[in-house]
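Participant:
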Amino acid sequence: MLMKNKQGETPLFRAAAFGQTEIVKYLARQPAHIVNDELLLVHRQRNDGQSILHVAVVGENFETAVLLLKLDKSLSKLTDSGGKTCLGLLTEIPSAFKSGHSMSIFSQFLYMCLPAEDQCDGAINEDTSRVWEAMESGQRRNMNSRFSYHVHGVLEWINGSICRFSFKGWPMVERIWENKRKHKSALRLAKMLIKSDVSWDQDIAVQGQYGASTGSPFFGPSHPLLTGTKTGILEVVSEMLIEQPHFLDLLDEEGKNILHVAIKYRRKDIFHLIKSNRIISNRMSYGIDKDGYTLLHQVADNKYYSVGSKHGPALQLHEESKWFTRVEKLIPSYYAKLRDSKQKTAEELFNDMHKEQLLAAQQWAKETSQSCSAVAVLVATIVFAAAYTVPGGSNDKGIPIFLHKNFFLFFTIMDVIALASSLTSVVMFLSILTSSFDYKDFRYSIPRKLTFGFTLLFFSVMATMLAFAATILLIVQSGKQLMTGGLISIAALFPVSVFAMMQFRFYAAFMHSTKGIRKAMRRSLPWFGAPLLFRKRKQCRYLFPKKQVSESDCYSGF
Numbered sequence: 004m005l006m007k008n009k010q011g012e013t014p015l016f017r018a019a020a021f022g023q024t025e026i027v028k029y030l031a032r033q034p035a036h037i038v039n040d041e042l043l044l045v046h047r048q049r050n051d052g053q054s055i056l057h058v059a060v061v062g063e064n065f066e067t068a069v070l071l072l073k074l075d076k077s078l079s080k081l082t083d084s085g086g087k088t089c090l091g092l093l094t095e096i097p098s099a100f101k102s103g104h105s106m107s108i109f110s111q112f113l114y115m116c117l118p119a120e121d122q123c124d125g126a127i128n129e130d131t132s133r134v135w136e137a138m139e140s141g142q143r144r145n146m147n148s149r150f151s152y153h154v155h156g157v158l159e160w161i162n163g164s165i166c167r168f169s170f171k172g173w174p175m176v177e178r179i180w181e182n183k184r185k186h187k188s189a190l191r192l193a194k195m196l197i198k199s200d201v202s203w204d205q206d207i208a209v210q211g212q213y214g215a216s217t218g219s220p221f222f223g224p225s226h227p228l229l230t231g232t233k234t235g236i237l238e239v240v241s242e243m244l245i246e247q248p249h250f251l252d253l254l255d256e257e258g259k260n261i262l263h264v265a266i267k268y269r270r271k272d273i274f275h276l277i278k279s280n281r282i283i284s285n286r287m288s289y290g291i292d293k294d295g296y297t298l299l300h301q302v303a304d305n306k307y308y309s310v311g312s313k314h315g316p317a318l319q320l321h322e323e324s325k326w327f328t329r330v331e332k333l334i335p336s337y338y339a340k341l342r343d344s345k346q347k348t349a350e351e352l353f354n355d356m357h358k359e360q361l362l363a364a365q366q367w368a369k370e371t372s373q374s375c376s377a378v379a380v381l382v383a384t385i386v387f388a389a390a391y392t393v394p395g396g397s398n399d400k401g402i403p404i405f406l407h408k409n410f411f412l413f414f415t416i417m418d419v420i421a422l423a424s425s426l427t428s429v430v431m432f433l434s435i436l437t438s439s440f441d442y443k444d445f446r447y448s449i450p451r452k453l454t455f456g457f458t459l460l461f462f463s464v465m466a467t468m469l470a471f472a473a474t475i476l477l478i479v480q481s482g483k484q485l486m487t488g489g490l491i492s493i494a495a496l497f498p499v500s501v502f503a504m505m506q507f508r509f510y511a512a513f514m515h516s517t518k519g520i521r522k523a524m525r526r527s528l529p530w531f532g533a534p535l536l537f538r539k540r541k542q543c544r545y546l547f548p549k550k551q552v553s554e555s556d557c558y559s560g561f
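When the letters of the sequence shown are read in order and numbered with our numbering, they come out as residues 4 to 561.
Now the structure itself:
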């Protein structure tokens, strides 16, 4: 059992590399493998320097890694040939966490409904045996809490069994459930590694050209907190800052703190996490790196822009402009005029770095407005003609034959709505074509006009189809009116439904751009009307929710 292959791997090492948790558990129980709660040296590392915990993390076998760390806590301190710890390696795998795993709305709903853990029979049997052993030995102390814990485990197991039986044979559900279990195991592993992290002992002072004061620890870009911020793993960053708040003093090789890195790579969740603590965000907003970059310069530099909107360059530029405005409110007002090492202000750098994006956004906005205008004009032409050729015709006096029918009134209302909506949307799209297409236009004006124009166009198409359905119901008078009405309603709503489903993400991105208008209306409306129309979403994560951290505790290095 202690023999090695050519790579220097023992059977226990190979089992950990392939995620065979039960085999690892069995082999680790053998007395010859563990001495004084530590694995024998023969199992810890192979020839290339990779530890047994490293290979488990690389293979994303996080349950196995948790088991190994429980068996030998000293494994968390081992590094590979490049000096990287397992925590640093884990922060390079964003897909192992929920924050780095993109899901559709339906997938998010399934993810929320599925149980967090798949309790296995072995775990339940183990808990059961412990309870019975305690009862037989006469240990009545704390039996109520033990029994409650056991009941909770049984209920979790029943819930997992029901889900396994219900969703068996559904590959999509099984894949989502497997991802949720993986995310749970990865987060548990990250918490264990964070508690045993000793990277702060490497305190290295840095003082750059513009840099932070002497005593600010400099770790380079490979520190787990900086790497987790770069990859956008919100769970790891928040846990590290809660467990070790002094990590806020970290700087990378360019003198950037974690707020610089979060803004540089557009990690908005981490940005809001730090911003939730006003003392910390205010102090970190004064940071300037070696190149003279303030937080606003980090926004202006779009070399690392890779997570923006996928719905056209206009919305991408809108996101960048809105991101610039949001960060500008955080920094001191005079920082907006500071120049970097190339003597450029943040606004000048923003305009230079986004020239190509501005040209692409201008062309996209023009083409989209022209296409939507053509559709809106076509709809207006159809409903205008339908208004004068009323269904069923008119009598000798020019009065519509179906004037006193309910469906005729419905047809009239829908026709007027369709005509008004289509013509108003044409005006919106024409106003876009006549705009100056400057940066400030893409920040506020153009996205809002596109949103309203697209909304009105959708309503005009929907009203046109409803007017068409009312016309058919007026003309087709049969005994099976209920069946006829149902079929016609389905036929009328089908193109509208397809149009809505195909353009939902596009429209949702447009609606997100009007968030500022909704906030302004919420502030201006009376207190009794605003909560009903515009509910304010609560922030789900706060920095240091467990305990209050003083300014001196978090910024002892400044």
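Think of the CB as a built atom: it goes at the ideal place given N, C-alpha and C, for glycine as much as any other residue.
Nearest-angstrom Cα distance between Arg47 and Leu15?
Facilitator: Stepping through the sequence shown from its first residue, residue 47 is reached at position 44. Stepping through the sequence shown from its first residue, residue 15 is reached at position 12. Roughly 10 Å separates the two Cα atoms.
Participant: Which partner residues of Val88 appear in the DSSP bridge assignment?
Facilitator: The residue labelled residue 88 in the question sits at position 85 within the sequence shown. Before going further, note that residue 88 is Thr rather than Val in the sequence given. Paired residues: Thr82.
Participant: Just to check my reading of the structure: Ile55 and Leu71 have Cβ atoms closer than 8 Å, yes? What is that Cβ distance to the nearest angstrom?
Facilitator: Here residue 55 corresponds to residue number 52 of the sequence shown, with the count starting at 1. Here residue 71 corresponds to residue number 68 of the sequence shown, with the count starting at 1. Right, their Cβ atoms sit about 6 Å apart.
Participant: Report the residue from Lys9, Asp51, Arg49, Asn64 whose alpha carbon sits nearest the alpha carbon of Val27.
Facilitator: As a position in the sequence shown, residue 27 is number 24, starting the count at 1. Answer by Cα proximity: Asn64.
Participant: Residues bridged to Gln48 by DSSP?
Facilitator: By 1-based counting over the sequence shown, the position of residue 48 is 45. BP columns for Gln48 point to Ser54.
Participant: With DSSP run on the structure shown, which of helix, strand or coil describes Pro403?
Facilitator: Locating residue 403 in the sequence shown gives position 400, where the first residue counts as 1. Three-state result, Pro403: strand.
Participant: With C-beta atoms as the reference, is Leu422 less than 7 Å away from Ala364?
Facilitator: Your numbering for residue 422 matches position 419 in the sequence shown. Your numbering for residue 364 matches position 361 in the sequence shown. No, the pair does not count as a contact, with Cβ atoms beyond the cut-off.
Participant: For His275, name the three-state secondary structure that DSSP assigns.
Facilitator: Your numbering for residue 275 matches position 272 in the sequence shown. Residue state, collapsed to three classes: helix.
Participant: Going by the beta-carbon positions, is the gap between Val69 and Cys89 smaller than 7 Å?
Facilitator: To locate residue 69, count along the sequence shown from 1; it is residue 66. To locate residue 89, count along the sequence shown from 1; it is residue 86. Cβ atoms of Val69 and Cys89: not closer than 7 Å.
Participant: Starting from Trp173, trace the alpha helix (DSSP H) both ways and give me its first and last residue.
Facilitator: By 1-based counting over the sequence shown, the position of residue 173 is 170. Premise fails: Trp173 is in no alpha helix (DSSP H) and is neither H nor E.
Participant: Val201 by DSSP, collapsed to three states: which one?
Facilitator: Residue 201 sits at position 198 when you count from the first residue of the sequence shown. Coil.
Participant: Mind reading off the beta-carbon distance from Leu228 to Leu253? Whole number of angstroms is fine, and I expect it under 8 Å.
Facilitator: For the purposes of this step, residue 228 is identified with residue 225 of the sequence shown, where counting begins at 1. For the purposes of this step, residue 253 is identified with residue 250 of the sequence shown, where counting begins at 1. With a Cβ gap of about 6 Å, Leu228 and Leu253 count as contacting.
Participant: Alpha carbon to alpha carbon, how far is His357 from Glu323?
Facilitator: Walking along the sequence shown from the start, residue 357 turns up at place 354. Walking along the sequence shown from the start, residue 323 turns up at place 320. Going by the C-alpha atoms only, they are around 9 Å apart.
Participant: Between Asp418 and Val386, is the Cβ-Cβ spacing less than 7 Å?
Facilitator: The residue you call residue 418 lines up with position 415 of the sequence shown. The residue you call residue 386 lines up with position 383 of the sequence shown. Closer than 7 Å, so yes.
Participant: Quick check: the Cα distance between Ala19 and Lys194, rounded to an integer number of angstroms?
Facilitator: Counted from its first residue, the sequence shown places residue 19 at position 16. Counted from its first residue, the sequence shown places residue 194 at position 191. About 20 Å.
Participant: Using alpha carbons as the reference points, say which of Val393, Leu244, Asp441 lies closest to Ile478.
Facilitator: In the sequence shown, counting from the first residue as 1, residue 478 sits at position 475. Of Val393, Leu244, Asp441, the residue nearest in Cα terms is Val393.
Participant: Have a look at Arg270, Leu453, Leu251, Pro316 and flag the residue whose alpha-carbon is nearest the alpha-carbon of Ser284.
Facilitator: On the sequence shown, residue 284 is found 281 positions in, with the first residue counted as 1. Per the Cα distances, Leu251.
Participant: Quick one: give me the first and last residue of the alpha helix (DSSP H) that Glu323 is part of.
Facilitator: By 1-based counting over the sequence shown, the position of residue 323 is 320. Counting along the chain, the alpha helix (DSSP H) containing Glu323 begins and ends at 316–333.
Participant: Between the beta-carbon of Val382 and the beta-carbon of Thr467, is there less than 7 Å?
Facilitator: Looking up residue 382 in the sequence shown gives position 379. Looking up residue 467 in the sequence shown gives position 464. Taking 7 Å as the Cβ cut-off, Val382 and Thr467 qualify as a contacting pair.
Participant: Between the C-alpha atoms of Gly211 and Val429, what's the straight-line distance to the nearest angstrom?
Facilitator: Position 208 of the sequence shown, counting from 1, holds the residue named residue 211. Position 426 of the sequence shown, counting from 1, holds the residue named residue 429. Below a pLDDT of 50, predicted positions are generally treated as unreliable, and Gly211, at 42, falls in that range; the measurement from the model is reported next regardless. Cα to Cα, the separation comes out at about 56 Å.
Participant: Less than 7 Å between the C-beta atoms of Ile197 and Glu246, yes or no?
Facilitator: As a first step, residue 197 is located in the sequence shown; it is residue number 194 there, counting from the start. As a first step, residue 246 is located in the sequence shown; it is residue number 243 there, counting from the start. Contact flag set, yes.
Participant: Hey, how far is the Cα of Asn354 from the Cα of Leu299?
Facilitator: Sequence index remark: in the sequence shown, residue 354 carries index 351 (1-based). Sequence index remark: in the sequence shown, residue 299 carries index 296 (1-based). Near 13 Å, if we compare the C-alpha coordinates of Leu299 and Asn354.
Participant: Judging by CA-CA distance, which residue of Leu412, Ile404, Asp75, Asn50 is the nearest neighbour of Arg620?
Facilitator: Past the boundaries of the shown model lies residue 620; the chain is included only from 4 to 561, so the question cannot be answered.
Participant: Just to confirm, are Thr297 and Tyr337 a CB contact at a threshold of 7 Å?
Facilitator: For the purposes of this step, residue 297 is taken as residue 294 along the sequence shown, with counting starting at 1. For the purposes of this step, residue 337 is taken as residue 334 along the sequence shown, with counting starting at 1. No, these two residues do not count as a Cβ contact at 7 Å.
Participant: Express the C-alpha separation of Ser98 and Phe112 in angstroms, rounding to a whole number.
Facilitator: Against the sequence shown, residue 112 aligns to sequence position 109. Against the sequence shown, residue 98 aligns to sequence position 95. Computed Cα separation, rounded: 19 Å.
Participant: Taking only three categories from DSSP, how would you classify Pro97?
Facilitator: The residue you call residue 97 lines up with position 94 of the sequence shown. The answer is helix: DSSP assigns Pro97 an H, G or I state.
Participant: Since I believe Leu117 is in contact with Lys185 (beta carbons under 8 Å), could you give me their beta-carbon distance rounded to a whole number of angstroms?
Facilitator: Residue mapping note: residue 185 aligns to position 182 of the sequence shown, counting from 1. Residue mapping note: residue 117 aligns to position 114 of the sequence shown, counting from 1. With a Cβ gap of about 12 Å, Lys185 and Leu117 do not count as contacting.
Participant: If you reduce the DSSP assignment to three classes, tell me which class Lys306 lands in.
Facilitator: Counting from one through the sequence shown, the residue named residue 306 turns up at place 303. Here Lys306 sits in coil by DSSP.
Participant: Just verifying my parser: in three-state terms, what is the DSSP assignment at Lys369?
Facilitator: Along the sequence shown, one-based indexing puts residue 369 at 366. Helix.
Participant: Drop a sphere of 10 angstroms on the beta-carbon of Gln366, count the other beta-carbons inside from all chains shown, and report buried for 16 or more, exposed for fewer.
Facilitator: In the sequence shown, the residue the question calls residue 366 occupies position 363. Exposed.
Participant: Could you check what DSSP says for Met468 in three-state terms: helix, strand or coil?
Facilitator: By one-based count along the sequence shown, residue 468 stands at place 465. It is helical.
Participant: With distances taken between CB atoms, is the gap from Gly231 to Arg270 smaller than 7 Å?
Facilitator: Along the sequence shown, one-based indexing puts residue 231 at 228. Along the sequence shown, one-based indexing puts residue 270 at 267. Against a cut-off of 7 Å, the Cβ pair of Arg270 and Gly231 comes out as no contact.
Participant: Go through its chain and collect everything with a Cβ distance to Asp272's Cβ below 6 Å, but skip five positions before and after it.
Facilitator: Reading the sequence shown from its first residue, position 269 is the one you call residue 272. So the qualifying residues of the chain are Leu237.
Participant: Based on Cα-Cα distance, which residue from Phe274, Ser102, Ser344 lies nearest to Ile574?
Facilitator: The chain is shown from 4 up to 561; residue 574 falls before or after that span and cannot be answered.
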